[in-house]
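Have a look at the structure below, then the notes.
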Amino acid sequence: MNALRTHSRARFWAQAASFGALWGGVEITLGAFIHTMRIPFSGVLLAAFGAAILVAQRQIVPMRGLSLATGAVAALCKSMSPGGVILGPMVGILSEAMAVEFALLFAPRARVGALLAGCLAASVTVLHQVLSLWVYYGGRILDLLFEAVSKVGQLGGTGTDAGWWAVGLLGNLIIAVGAAGGLLGWYLGKDVERIVNPGPVATLSTRAVGSALGSEVTDEG
Amino acid sequence: MKVEHAPRGFLALVAFAGIALQFSGSLMYSSLALAVWMVALWIFNPCVLRRMWMPRFWTITLVVALGSGLLIGAHDEVFLGIPISTLGLYAGALMVIRGAFIFALAGWASKALANSGLDRLASRFGAQNLAISAGVALDLLPGLSDRIQGARHAKANVQRRGRWKSAYLSAVNLLADCAMMADNMAKEGRGPSLVIITGPIGAGKTHTAKVLAHKIKSLGVSVGGVIQPRHEDGESYLLEDVATGRRWRFASFDPHRPEGKTGYRFFEQGWTIAASRLQWAALHMSVVMLDEVGLLEADGKGHWSAFRHGFDNGSARLWVLVVRKDRLESFIPRLGRIESIIDVGEPVDVEDLASSLVELVDRSKVETKE
């Protein structure tokens, strides 16, 4: 029993190391690429990729807490990133992992859990951006953002609400990108599981094996 | 590295003092904190100061300051014909100063905690497993980063129509490799040994495997499994049970294959026989041979399921896999600890090889008993 528990713990941390390295690698290589290409909302795209990796992992190894541990390892890997400030992205990775862990807590292998995980991971990224602004610039930044949104609507001549409609649309788009990431992870996970945990060897009935063995090639045939 | 030698304690003290000064909400105190912190960095850690050259961050900061003047508070002044608010400008300037201070602080903290610092921190908080795991991940990182880059470039070489499918399959393979690498790490030191016979097409891999099986048998060790020799007609393959020498038809060249594909038509019963012989060998033989591990197995089909089950649950001490050289690289991460890779493209002393494999089996039996 103890050996089983030790093996299970070893497997948990080995999976966290392996997938954490993968996520960290994606953040460093693909992240650098996306940032260099100046693609807007690159954080949301990376969060969707992260959610896909974590959701796929939980389809293969449905161990509670694994997404969080993987996130912690990926965050530590991110410390190798050659950028100037890494603390923010590390906190971002950890919060995305926490969101995915929460979403997959009760139904780690259900499609709806995967969708929710992607949505939450992408939303957390935006929340993290807003929080970062708040930490950097203080509470006034939020007043400034609200004012800016209202003014944008007024400038467009469509009233203050138009700005908020635009924000809502953008929010939905972000959530949709996250959901796509989660769903992609779910499909990937199912396909990977087929390779990693192949089901029991095709039920070999004695009759089928016997008949197959009877078709032996002889020197004459 | 300079960071290692910087007086961390002193800098931490200055940082805390600077943070305390931010609570007053005064522009003067915030500016003082920023100035002191910049000077401290310039003296003890100039590389962090150099890292603060980030045009994007400073542009946003400028926009924030100007935006405050334009949007927050009553417009009581006019600058260049634009009505502005002094209160908003003051608030904006305070935000910018605070932002710059915290940005510089985060730059230093990131550098101070990076790499081994974070590992040590994790260990100090009782998260040894996390620290070990992070160490393993950092070892895996360069290889995986190469694979991610490789997958991205490979996608560009495929025709547009098949690009997404190819990218999806690359992702499936990458994730499968990660999962299996982790499983192999977790059971390191346990389970059967693994030897691979490889070489280009037509180099004599199957023949070498057959001769090797014969030599191992002659040294008194039981051998089972399946190999796939070519039929005399030259166009089809047979399935041969290594333990008994019985043969069945396994695959034949498909003349109606889709254009551009070199395909074989497999006899369905061939897979059933192969699975049953592999299962039996994994349970009753010391050495199991498996021939032609290739494209199908990489996709989780073919012999893969029988191999995984036999390898994980059987009592055989050694598995000998025959893998084509151009497929080898994709299998290595999935197979874990490989004792040896024998390339039949170079001269191989089969007798000598058989003796070392028998030694390996004997050693493994002793270890299991202990």
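Chains A and B, in that order, give the protein sequences.
Heads up: take any position in the first sequence, counting from 1, add 1481, and you land on the numbering used here.
Heads up: take any position in the second sequence, counting from 1, add 4, and you land on the numbering used here.
Backbone N, C-alpha and C define an ideal beta-carbon position, used for all residues, glycine too.
Predicted model only: the values in this text are computed from it and were never measured.
* To do: Using a Cβ cut-off of 9 angstroms (strictly closer), state whether Q1635 of chain A contacts chain B.
  => no
* Asked: Hey, out of A:Q1540, A:L1608, A:S1548, whose CA is closest to L1665 of chain A's CA?
  -> A:Q1540
* Span separating the alpha-carbon of G29 of chain B from that of A95 of chain B -> 9 angstroms
* Which stretch, first to last residue, makes up the beta strand (DSSP E) that contains E244 of chain B? -> 240 to 245
* To do: Specify, as a first and last residue, the run of the beta strand (DSSP E) that W323 of chain B falls within.
  => 322 to 328
* To do: Inspect the beta-carbon positions of S1604 of chain A and I1656 of chain A and report whether they are closer than 9 angstroms.
  => yes
* Asked: Taking Cβ-Cβ distances shorter than 7 angstroms, what residues in chain A pair up with W41 of chain B?
  -> Those do not exist, as W41 of chain B stays about 15 angstroms from chain A at its closest Cβ, beyond 7 angstroms.
* Alpha-carbon to alpha-carbon, G1569 of chain A and L1575 of chain A -> 10 angstroms
* Asked: Shortest alpha-carbon distance to V250 of chain B belongs to which of B:Q232, B:P259, B:S240?
  -> Just to set this straight, residue 250 of chain B is Arg in the shown sequence, not Val. Closest by alpha carbon: B:Q232.
* Asked: Looking only at DSSP bridge pairs, what is I136 of chain B linked to?
  -> Paired residue(s): none; I136 of chain B is not in a bridge.
* If you drop the 5 nearest sequence neighbours on each side, which residues of the same chain put their C-beta closer than 7 angstroms to that of V100 of chain B? -> T65, V68, A69
* Within 9 angstroms, strictly: CB atoms of L332 of chain B and T202 of chain B -> yes
* Asked: Does the beta carbon of F107 of chain B sit closer than 9 angstroms to a beta carbon anywhere in chain A?
  -> yes
* To do: Say whether chain A places a C-beta atom closer than 9 angstroms to the C-beta of K214 of chain B.
  => no
* 6 angstroms CB neighbourhood of M184 of chain B in its chain, flanking five on each side removed -> R338
* To do: Anything in the stretch 42 to 71 of chain B with a Cβ closer than 8 angstroms to a Cβ of chain A? List those residues in chain order, please.
  => R55, M56, M58, V68, G71
* To do: Pick helix, strand or coil for I231 of chain B, following the three-state DSSP scheme.
  => strand
* Output the distance between the C-alpha atoms of V7 of chain B and N49 of chain B, rounded to the nearest integer angstrom. => Note that V7 of chain B scores a pLDDT of 45, beneath 50, so its modelled location is shaky and nothing firm can be said.
* Kindly list, in the order they appear in chain B, the residues whose Cβ is closer than 9 angstroms to that of D1642 of chain A. => Simply none; closest approach about 18 angstroms.
* Asked: From M1544 of chain A to L1535 of chain A, what does the alpha carbon distance come to, in whole angstroms?
  -> 12 angstroms
* **Alpha carbon of A24 of chain B to alpha carbon of G73 of chain B, nearest angstrom** => 26 angstroms
* To do: Compute the beta-carbon to beta-carbon distance between G228 of chain B and R281 of chain B, rounded to the nearest angstrom, for a pair I have assumed lies under 8 angstroms.
  => 7 angstroms
* Go to A255 of chain B, then tell me how far its beta strand (DSSP E) extends in each direction, as first and last residue. => 251 to 257
* Put S319 of chain B into one of helix, strand or coil per three-state DSSP. => coil
* **Secondary structure of G298 of chain B, DSSP reduced to three states** => coil
* Touching by the beta-carbon criterion (3+ pairs, under 8 angstroms), the stretch 298 to 306 of chain B and the stretch 232 to 244 of chain B -> no
* Residues of its chain near L1596 of chain A, where Cβ-Cβ distance is below 7 angstroms and the 5 sequence neighbours each way are ignored -> A1660, G1663, L1664
* Within 10 angstroms of its Cβ, does A21 of chain B collect 16 or more other Cβ (buried), or is it exposed? -> exposed
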